[in-house]
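Peer 1:
In this note's numbering, the protein residues as written are 418 to 597.
#1: Between the alpha carbons of residue 512 and residue 588, how many angstroms are there, rounded?
#2: So for residue 471, helix, strand or coil by DSSP?
#3: Could you say which of 454, 431, 462, 446 lies nearest to residue 554 if we only look at CA atoms?
#4: Residue 489 by DSSP, collapsed to three states: which one?
#5: On a Cα-Cα basis, can you pick out the residue from 550, 592, 551, 558 that is closest to residue 567?
#6: In the stretch 519–585, which residue ranges form an unbroken alpha helix (DSSP H) of at least 4 residues, counting only runs that do not cross its ends?
#7: When DSSP labels each residue in this structure, what does residue 425 get in the three-state scheme?
#8: Kindly indicate the opening and closing residues of the beta strand (DSSP E) around residue 591.
#9: Between 594, 484, 469, 532, which lies nearest to residue 431 when the distance is taken from Cα to Cα?
#10: Taking the C-alpha atoms as reference points, what is the distance between residue 447 and residue 583?
#11: Nearest chain C C-beta to residue 576 closer than 7 Å, yes or no?
#12: Could you spell out where the alpha helix (DSSP H) holding residue 443 opens and where it closes?
#13: Should the stretch 520–534 be called in touch with the stretch 474–486, which here means at least 3 C-beta pairs below 8 Å?
#14: List in chain order: all unbroken beta strand (DSSP E) runs of 3+ residues lying wholly within the stretch 490–518.
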């Protein structure tokens with residue numbers, strides 16, 4: 418797993434041992450960042466299910482202003498910090514150890530891009546989208562990118578958000594919502 422482009426291009430990211438984290442494949446990551454490429458420069462990014470930190474780190478490498486990485490697991494938080502060090506982006510990223518819903522319930526920051534890549538087998542994605550639509554943490558015109566497995570349905574609408582088409586890559590779907 419590596420940073421695809423930008424100031425940290427080519428840096429190999431450390432990955433977890435075992436199967437606790439399912440990193441996004443390079444193919445899906447390239448597709449995701451092609452979709453939002455013009456929205457990244459200067460953006461404030463939330464990587465809500467941090468894992469390895471690769472999505473937020475890719476955004477930072479491509480010119481995002483800063484990124485907040487949230488993960489409930491201490492090993493994942495250590496891994497994100499290590500990957501920020503490897504890429505020399507530690508000054509632009511902040512790691513928060515927290516359950517995603519607890520973080521959202523106390524979050525007062527505003528973001529331009531929210532990246533959601535939770536464990537596939539859980540209802541975390543649906544819960545996160547519901548909670549984000551209830552609170553005001555995404556700037557007007559901001560983007561949510563949700564990664565999900567083929568067959569996992571998402572509501573077409575959330576109040577205040579419009580959904581663009583789904584992008585299919587093998588058994589993975591990327592869904593983009595934009596705040597009105």
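Cβ atoms here follow ideal geometry from the backbone N, Cα and C, with glycine treated the same way.
Quantities reported herein were computed from a predicted structural model and do not represent experimental measurements.
Peer 2: Taking the geometry as given:
#1: 29 Å
#2: helix
#3: 462
#4: coil
#5: The option with the nearest alpha carbon to residue 567 is 592.
#6: 541–551
#7: coil
#8: 589–596
#9: Cα-wise, what sits closest to residue 431 is 469.
#10: Answer to the nearest angstrom: the Cα atoms are 15 Å apart.
#11: Checking the listed chains, one finds no chain C in this structure; it contains a single protein chain.
#12: 443–453
#13: yes
#14: 510–514
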